[in-house]
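> Have a look at this one.
In my numbering, the protein residues as written are 241 to 593.
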């Protein structure tokens with residue numbers, strides 16, 4: 241089991257679990273609290289007297305509901321420094337979520353009033369060391385919401401959950417001052433599957449230690465403990481593919497794998513074309529290019545991630561079969577690029593024959 245204390249001057253870690261309604265924030269927070277033996281701060285949503293009315297008539301009760309949440313969350317956040325004096329802390333929400341929900345639910349004068357109050361309060365909120373962003377598709381979320389069967393959620397609007405998912409995706413696409421660890425939970429069940437929970441723990445440990453969000457790889461020549469202590473290098477991934485190819489009996493022919501890489505690049509190109517069409521569709525509906533891209537990425541991110549991973553795998557394999565240390569080659573090339581006079585190169589290219 242890991243300890244959640246920063247290296248150097250002792251300071252306890254503060255980790256926040258975030259994501260849309262039904263994604264499993266509170267469940268994971270409780271499990272991590274027990275695993276790490278930390279303190280815990282859970283969002284108090286049951287005390288909001290307007291919540292049930294809000295789900296029945298969002299437009300009518302949005303402002304009362306949102307202001308109650310804002311002040312409640314602010315009061316809770318004032319206890320964070322004191323809780324951190326006692327030990328590491330895990331919470332199932334970030335203060336910034338309040339504005340994210342408000343932007344969906346408020347408009348006109350109510351939105352303007354809310355923004356002024358939120359801005360004044362947000363300046364006094366302590367920042368976490370890590371945000372764990374749990375992601376899931378709308379259908380999965382609706383299923384989980386139905387399964388837990390909270391009275392005030394029984395008439396949950398699917399369009400509202402879908403809009404909330406997109407709002408979270410847009411928010412975390414923006415540059416963040418706080419490290420964000422994304423975890424796709426569509427196919428995870430960390431409640432009943434110990435391996436799924438360990439997967440989440442490993443990624444959190446990696447994020448806190450090295451800023452690397454990769455799951456530890458199996459069967460590497462370097463010992464796992466040493467690997468995690470010093471951080472992975474591209475050479476570690478190349479060694480992984482050597483052993484993987486041997487254990488699986490994969491073809492190691494250089495040219496065959498180059499053709500496979502070309503095929504994967506084509507599949508990536510196909511996904512990029514779909515992304516472009518999705519963005520173009522949103523633009524046609526009146527969204528700005530930036531908004532349209534964010535919305536399109538929220539729909540196609542998993543497919544693009546998968547194709548990029550396939551391309552990287554074949555690039556590593558080709559490096560192995562050609563006897564090239566890819567990390568050294570990359571660093572040498574980037575050093576060359578840093579010292580290159582790019583303006584002179586452009587002038588040379590533009591010079592008439």
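The C-beta atom is built at its ideal place from N, Cα and C for all residues, glycine as well.
As the structure is a prediction and not an experimental result, all values here were calculated from the model.
Could you tell me which whole beta strand (DSSP E) segments of length 3 or greater appear in the stretch 306–358?
DSSP runs (the beta strand (DSSP E)) wholly in the stretch 306–358: 329–331.
> Out of 574, 557 and 309, state which residue places its alpha-carbon closest to the alpha-carbon of residue 481.
Minimum Cα distance to residue 481 is reached at 557.
> Can you confirm whether residue 406, when its beta carbon is compared against all beta carbons of chain B, has any partner nearer than 8 Å?
Here there is only one protein chain, and chain B is not present.
> Which one or two residues does DSSP pair with residue 258 in a beta bridge?
Beta-bridge pairing links residue 258 to 373.
> Quick check: what's the CA-CA separation for residue 474 versus residue 378?
Approximately 36 Å, taken between the alpha carbons.
> Would residue 518 and residue 540 qualify as a contact pair, given that the criterion is a beta-carbon distance under 8 Å?
Contact flag set, yes.
> Run through the DSSP bridge pairs and tell me what residue 280 is partnered with.
Answer by DSSP bridge pairing, in chain order: 330.
> Do you know how far the Cα of residue 366 is from the Cα of residue 320?
Cα-Cα distance, rounded: 7 Å.
> In whole angstroms, give me the CA-to-CA distance for residue 565 and residue 522.
So the two alpha carbons sit approximately 43 Å from each other.
> Please report how far the alpha carbon of residue 318 lies from the alpha carbon of residue 501, in whole angstroms.
About 53 Å.
> Compute the beta-carbon to beta-carbon distance between residue 398 and residue 264, rounded to the nearest angstrom, for a pair I have assumed lies under 8 Å.
With 8 Å as the limit, residue 398 and residue 264 do not qualify as a contact, their Cβ atoms being about 18 Å apart.
> With H, G and I counted as helix, E and B as strand and the rest as coil, what does DSSP make of residue 420?
DSSP places residue 420 in strand when its eight states are reduced to three.
> Write down the C-beta distance between residue 333 and residue 256 rounded to the nearest angstrom, noting that I regard them as a contact closer than 8 Å.
Contact holds; Cβ gap of about 7 Å.
> On the CB-based measure, 16 or more other CB atoms within 10 Å of its CB, does residue 562 come out buried or exposed?
Label assigned to residue 562: exposed.
> How would you label residue 286, buried or exposed, when you count the other beta carbons within 10 angstroms and need 16 or more for buried?
So residue 286 ends up on the exposed side.
> If you drop the 5 nearest sequence neighbours on each side, which residues of the same chain put their C-beta closer than 7 Å to that of residue 536?
Here the set comprises 515, 518, 519 and 522.
> Just verifying my parser: in three-state terms, what is the DSSP assignment at residue 427?
Looking at residue 427 - three-state DSSP - the assignment turns out to be coil, as it is neither helix nor strand.
> Give me, in chain order, the residues of the same chain whose beta-carbon lies closer than 8 Å to that of residue 401; leave out the 5 immediate sequence neighbours on both sides.
Within the same chain, residue 401 has close Cβ partners 260, 261, 262, 378, 381, 382 and 385.
> Where does residue 288 sit, in a helix, a strand or coil, going by DSSP?
The answer is coil: DSSP assigns residue 288 none of H, G, I, E or B.
> Can you find at least 3 beta carbon pairs, one from the stretch 267–279 and one from the stretch 324–340, that sit closer than 8 Å?
Yes, the stretch 267–279 touches the stretch 324–340.
> May I ask which residues mark the beginning and end of the alpha helix (DSSP H) holding residue 401?
Residue 401 -> alpha helix (DSSP H) spans 398–413.
> Within a Cβ cutoff of 7 Å, which residues of the same chain sit near residue 431, ignoring the five residues on either side of it in sequence?
If we look at residue 431 and ignore the five residues flanking it on each side, its Cβ neighbours are 267.
> Which first and last residues belong to the alpha helix (DSSP H) in which residue 364 is found?
Premise fails: residue 364 is in no alpha helix (DSSP H) and is neither H nor E.
> CB residue 426 to CB residue 347, shorter than 8 Å?
No, these two residues do not count as a Cβ contact at 8 Å.
> Measure how close the beta-carbons of residue 423 and residue 368 come, nearest whole angstrom, since I'm counting them as under 8 Å.
At roughly 16 Å, the Cβ-Cβ gap does not stay under 8 Å, so residue 423 and residue 368 are not in contact.
> Please go through the same chain and pick out, in chain order, the residues whose beta-carbon is closer than 7 Å to the beta-carbon of residue 326, but skip the five residues on each side of it.
279.
> Less than 8 Å between the C-beta atoms of residue 403 and residue 340, yes or no?
No. Outside cutoff.
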